[in-house]
Every structure is written in structure tokens, then in C-alpha cells.
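Top to bottom, those sequences are chains A and B.
Numbered by our numbering, the letters in the first sequence go through residues 1 to 281 in order.
Numbered by our numbering, the letters in the second sequence go through residues 1001 to 1201 in order.
Beta carbons are placed, not taken as given, at the ideal position from N, Cα and C, and that holds for glycine.
Working notes for the structure below.
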Amino acid sequence: MIRTIKTEEVTKNIREMCIEANHYLSRDMDKALKNAVESEEAPLGKKILCQLQENLTIAAEELIPVCQDTGMAVVFAEIGQEVHFEGILLEEAINEGVRQGYTEGFLRKSVVKDPILRENTKDNTPAVIHYSVTEGDKLKLTLAPKGFGSENMSRIFMLKPADGIEGVKNAILTAVKDAGPNACPPVVVGVGIGGTFEKCALLAKQALTRAADEHSKIAYVKEMEEEMLYKINRLGIGPGGLGGTTTALAVNINTYPTHIAGLPVAVNICCHVNRHVVRVL
Amino acid sequence: MDKHIVTPITAEVTKDLRAGDYVYISGTVYVARDAAHKRFMEALDKAEECSIEKGQEEVERKQAGALPFPVENAVIYYMGPSPAREGRPIGSAGPTTASRMDKYAPRLLDLGLKAMIGKGKRTQSVMDAIIRNQAVYFAAVGGAGALLSKCIKKSDLVCYDDLGAEAVLKLEVEDFPAVVVIDCQGNNLYETAVRKYAKEV
Ligand code: SF4
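Have a look at this one:
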């Protein structure tokens, strides 16, 4: 049965999601920070983690964005194939939601119209939108505003099959080490393994939207997530990069089939302000 | 060690600051990031062109005057705030990555800039300029913009309004928390503290 969704509903929801994501972190991030405060060994690191918690409280109570870099809006739109849209073009509806959310919600406009000419679009549009078609008659929207302090430290490695799992682990550690204090640690590390050049980057971005306390369903991947988290937290970088035992709060890895000749690995680093809001229409 | 310091910051003050000190800064702080720094450099180039035949001293005098804020013993905060809600001086206001200003910082330090607040690593040439000018680099906690905004009591536009979130602002701050990362002797907390907590894998 075909189900009709009015695109004005999409606009309204995206608008609210932009504001929500930038003022309240999801529960899993809250919990991860709380655990980190307890386990952190460095006194300064502990102090910084406490400040991050206090920051979240102030953000929620006084409606001040958690971070001033309210990000570029990344949207995953999973469209059930029985959905029919009515109204303006879906893409326009999403961008209109971003426009309204960022202007009416007192969020920072950080998008420039052209990467070289660099004129600000003044309403944080356009969003980066990834569409996929799924079964059913629902529209699932995931909004993940992405700050660029950590985005700038993300990497792609085109490894050789012979590099194997050790090569992948080294790539992850290298990316986190090089990011150091710049990515606002403690970070969440999204990793994509497999696919093609662009597919592994997308996998890594998607991995960041997975809850911090949820593991991969593939046994060896789950093991690798745990091992990498352990190893990253022994690098010494710590909260704010000022030394400590909490460098990452989670490592989320997604995989996909790939070519016989390749082993692409993307490491998308996100700060502790890992924003993601999901709504199903 | 916890220290309270008041701007403007002189060499008298920076000489006693050590990497790892926790400081609370009060007073005037100027806000500028990438686009504003680019304009500072254009203003300095212009002043240099106009006075180069009158000698180095005149160039420096003209250059200091060409900047839209008094650079001598000043503090620059690398930051681009979110818009203020009604009745508030500023929105969320945490530090941005300092390395994007590395290209410009040594020139400002040589003109008298004494302190920078940001987050993340600096290049060797910034490190050298910090030592040469008895300056200091502070880190504020990245991603704590709501918390840090509470220490900002007043915010006035200085110039470059057209740059939006990148305009130059003059802030009055009270007990703004920061950590000394690079001190005037060239100690770098990002290196020493990380080594201290790094463990065998
Ligand atoms: S990296 Fe994250 S926490 Fe740091 S400034 Fe950017 S958005 Fe904020």
C-alpha cells in the first residue's frame, strides 16, 4: 500500500532535529562521558571531563548549543519504497528544515557556497544528504550535524589485501594519533572497511551514528572495536589532548564487501559532541 | 598550579607561566579566526608598503596602527561563536583549531601579541615566535562552548561584520578557564603530558 508523506512534515521535523541535536546529546554519549569520568587517571583529564558534563547541563538548561561549531548538517534519509511524497521536492524540504532550524534556533551558520570562493550561505544550507531506499512505508531520518575540528582529522587509506587486519588496526591508530588534540578528544571513531573509495567513507560516517554502547553484530568486528578502544586509550592523548587515559569513548566499525584487489579503510573522527538524532515518519 | 591572570598580559606575567598551569583569565580578549586573520595580514602588508622606505621602526609603528585592535600585550581567542539569544552577550563560545592560524600568528607575535587561546597543535615557527617574544599559548576545552560562554560578560563588534561568525569581537571575560600548553621557554604540554600517560600496547 502506498503511503503519502507531506514534505512539509519533513521540513518541520528536520527543523526540530537541528535544534535538538545541538542542545542535547543522545543518552549513549551522556553515559559514555559519565563512565569516562570514573575511569580517567589524569587529574587534569578528570577535571576536563567534569567540565564537559557541566557543559551538557548548561547547554540543555539554558539552551546554549553544546558547541559553537553547530556543524554542517548531514542527513541520512532512508525511504521505504511504498512511500509517496507530496509537496516540494524532498531535497528542498530537508534544506528548508535546516534553514529554519539554524536561523530560528540561534545556531551558527558555518557553510560556504563554494569551497574556493568561500562566501557564507548565511543559513547553513545545503545539507549533505544520503538517500537510500528500504522496504516498508516509512521515512527514517537521521540528522548528524558534523563539526569540522574533527572532520578535518579524518582519513582514507587505500590498503592492499595483504595488509590485512593488522594494516586496518594500524590505520585506525595512526589517524587517532595524528588527530591528537585537534579533534577535541575524547573522540568517537567511526571506521568503514571495504566497498570502494567513497563507500568506505560513507560507512565510516554511518558508524558514527550508531550508539556508543552498541557493538557490531559481526564477531570479529566487535572484537576489533573493543581492542581498538583499549589501544587508543593507551595512547596517552587524553581529554582535550592534555594527557590521560580517555582518548576515545567508542570505536564503531562498519564493513562491506570489496574488490579482490583492495582493502579501503576510512576513519571518520568525531569529537565527544557526537550529535545524532533519529526520527521515523 | 592554578593562577589568576588579568589582561593585558605582559612578559612579566608570561615568564612565570609554565606548561601545565591552570589559569583563569579576566579582562579584555579579542576574538579572531581564519578570515579575520587573512584581513589582518592584508592590512599589515598595506602598512608595510606605505612606510618601507622610512625604515623598520616606522614600518612596525604603522603596522601596529593598521590592526583594528591594540596588539601590544593583547590576547587573541581563536573562536567563532554561535548567535546570542536575546538578553545574552554571546552564544556558545568554545575554541577553534589553532593550527589554521599558524601561518599568521608569528607576524602578530612579533608585533606584540602576547597570548593566544585555542585548541590543538602549533607549528615549530609559532613555537619559535612564542619563545622569541616571551608569549604564551593557552588551550581552552574544545567542545565546552556553553560552559565557556558563561565566563563572557560582554561582547562588542570590532570590525569585519560582513564575516558573520568570523567577525572580530572584543570580549570582557571573567575567570575564563584555560591551560598553558606552550610557555615562553618552549615547553609543550601536548607532548609531555601525552608521553606521561602513554602505555605499552
Ligand atoms: S571538533 Fe567538535 S567539539 Fe571540537 S569545536 Fe568542532 S564541533 Fe566542537
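Does at least one heavy atom of the ligand SF4 sit under 7 angstroms from the Cβ of A/Ala-183? True, at least one ligand heavy atom lies under 7 angstroms from that Cβ.
Got a sec? Which residues, its chain only, sit under 8 angstroms from A/Leu-235 by beta carbon, not counting five neighbours each side? Once the five neighbours on either side are set aside, the close Cβ partners of A/Leu-235 are Leu-173, Val-176, Lys-177, Thr-247.
Excluding the five sequence neighbours on either side, which residues of its own chain have a C-beta within less than 6 angstroms of the C-beta of A/Arg-15, listed in chain order? Cβ within range, chain order: Gly-97, Gln-100, Gly-101.
Quick one: what's got a C-beta closer than 7 angstroms to B/Ser-1149's C-beta in the same chain, skipping five residues either side? Beyond the five residues adjoining it in sequence on each side, B/Ser-1149 comes within less than 7 angstroms, by CB distance, of Ile-1090, Gly-1091, Ser-1092, Ala-1093 in the same chain, given in chain order.
Taking a Cβ distance cut-off of 7 angstroms, strictly less, list which residues of the segment 1147–1172 of chain B are near chain A, in chain order. The residues in question are Leu-1147, Ser-1149, Lys-1150, Gly-1164, Ala-1165.
Nearest to A/His-276 by alpha carbon, out of A/Lys-113, A/Asn-22, A/Asp-69? Measuring from the Cα of A/His-276, the nearest candidate turns out to be A/Asn-22.
DSSP-derived helix/strand/coil call for B/Met-1101: Here B/Met-1101 sits in helix by DSSP.
Could you check if A/Ile-165 is buried or exposed, using at least 16 other CB atoms within 10 Å of its CB as the buried criterion? Under this definition A/Ile-165 is an exposed residue.
Using the Cβ count rule (16 or more neighbours within 10 Å means buried), how would you classify A/Glu-38? Exposed is the call here.
Candidates A/Glu-62, A/Asn-35, A/Glu-61, of which the one nearest A/Cys-50 by Cα: The shortest C-alpha to C-alpha distance from A/Cys-50 to any of A/Glu-62, A/Asn-35, A/Glu-61 is the one to A/Asn-35.
Can you pull out the residues from the segment 99–113 of chain A whose beta carbon lies closer than 8 angstroms to at least one beta carbon of chain B? Cβ proximity to chain B below 8 angstroms picks out Phe-106, Leu-107, Arg-108, Lys-109, Ser-110 from the segment 99–113 of chain A.
Sub-8 angstroms separation of A/Ile-269 and A/Met-158 beta-carbons: No, they are not a contact pair.
For B/Gly-1027 and B/Glu-1174, the rounded distance between their alpha carbons: In a straight line, the C-alpha of B/Glu-1174 is about 7 angstroms away from that of B/Gly-1027.
Closest residue to A/Asn-233 among A/Gly-45, A/Glu-54, A/Glu-92 (Cα-Cα distance): Shortest Cα-Cα distance from A/Asn-233 to any of A/Gly-45, A/Glu-54, A/Glu-92 involves A/Gly-45.
Am I right that A/Val-74 and A/Ala-183 are in contact with their C-beta atoms under 8 angstroms? What's the rounded C-beta distance? That belief does not hold up - the Cβ atoms of A/Val-74 and A/Ala-183 are roughly 17 angstroms apart, past 8 angstroms.
On the three-state DSSP scale, how would you describe B/Tyr-1078? Note: B/Tyr-1078 maps to coil in three-state DSSP.
So what does DSSP say about A/Pro-43, is it helix, strand or coil? Correct three-state label for A/Pro-43: helix.
Length at least 4, wholly inside the segment 1010–1039 of chain B: the alpha helix (DSSP H) runs in chain order: You should have 1011–1014.
Span of the alpha helix (DSSP H) holding A/Ala-148? Correcting the residue identity first, residue 148 of chain A is Phe in this sequence and not Ala. For A/Phe-148, the uninterrupted alpha helix (DSSP H) run begins and ends at 148–151, by DSSP.
By the DSSP assignment, the beta strand (DSSP E) with A/Arg-250 in it spans what residues? As written in the sequence, residue 250 of chain A is Ala, which differs from the Arg given in the question. Boundaries of the beta strand (DSSP E) harbouring A/Ala-250: 248–258, taken from the DSSP string.
So does the segment 240–259 of chain A actually touch the segment 132–144 of chain A, counting three or more Cβ pairs closer than 8 angstroms? Flag = no, the segment 240–259 of chain A and the segment 132–144 of chain A do not touch.
is_contact[A/Glu-54, chain B] using C-beta, thresh 8 angstroms: With a threshold of 8 angstroms between beta carbons, A/Glu-54 makes contact with chain B.
Relative to the ligand SF4, is the shortest distance from any of its heavy atoms to the C-beta of A/Val-221 smaller than 7 angstroms? Shortest gap from the CB of A/Val-221 to any heavy atom of the ligand SF4: 7 angstroms or more.
Who are the near neighbours of B/Ala-1047 in its chain, counting only those whose CB is closer than 8 angstroms to its CB and skipping five residues on each side? The residues Val-1059, Lys-1062, Gln-1063, Gly-1065, Ala-1066, in chain order, have a CB closer than 8 angstroms to that of B/Ala-1047 in the same chain once the five nearest residues on each side in sequence are set aside.
Please list the partners that B/Tyr-1190 has in chain A, where partner means a Cβ-to-Cβ separation under 8 angstroms. Simply Gly-180, Pro-181, Gly-241, Leu-242.
Just the Cα atoms here: how many angstroms apart are A/Gly-240 and B/Val-1181? Cα to Cα, A/Gly-240 sits roughly 11 angstroms from B/Val-1181.
Bridge partners of B/Gly-1118, per DSSP? Paired residues: B/Ala-1139.
Are there any heavy atoms of the ligand SF4 lying less than 7 angstroms away from the beta-carbon of B/Gly-1143, as far as the coordinates show? Yes, the ligand SF4 has a heavy atom inside 7 angstroms of this Cβ.
State yes or no: is the beta carbon of B/Ala-1144 nearer than 8 angstroms to at least one beta carbon in chain A? Closer than 8 angstroms to some Cβ of chain A, the Cβ of B/Ala-1144 qualifies, so yes.
Beta carbons nearer than 7 angstroms to chain A: which residues of the segment 1117–1147 of chain B have them? Listed in sequence order: Lys-1119, Gly-1120, Lys-1121, Ala-1139, Val-1141, Gly-1142, Gly-1143, Ala-1144, Gly-1145, Ala-1146, Leu-1147.
Who are the Cβ neighbours of B/Ile-1131 in its own chain at under 8 angstroms, not counting the five residues just before and after it? Non-local C-beta neighbours of B/Ile-1131 in its own chain, meaning closer than 8 angstroms and more than five positions away in sequence, comprise Cys-1184, Gln-1185, Gly-1186, ordered along the chain.
Given a limit of 7 angstroms on CB to CB distance, which residues of the segment 210–240 of chain A reach chain B? For the segment 210–240 of chain A, which is checked against every Cβ of chain B, the residues closer than 7 angstroms are Lys-231, Arg-234, Leu-235, Gly-236, Ile-237, Gly-238, Gly-240.
Chain-order list of residues whose beta-carbon lies under 6 angstroms from that of B/Gly-1145 (same chain, five-residue window excluded): Within the same chain, B/Gly-1145 has close Cβ partners Ser-1092, Ala-1093, Gly-1094.
Anticipated Cβ contact below 8 angstroms, A/Gly-238 with B/Tyr-1197, distance rounded: So it is a contact: roughly 6 angstroms between Cβ atoms.
Nearer than 7 angstroms: is that true of the beta carbon of B/Val-1181 relative to any heavy atom of the ligand SF4? For the ligand SF4, not one heavy atom lies less than 7 angstroms from the Cβ of B/Val-1181.
Is A/Ser-132 helix, strand or coil by DSSP? Judged by DSSP in its simplified three-state form, A/Ser-132 adopts strand.
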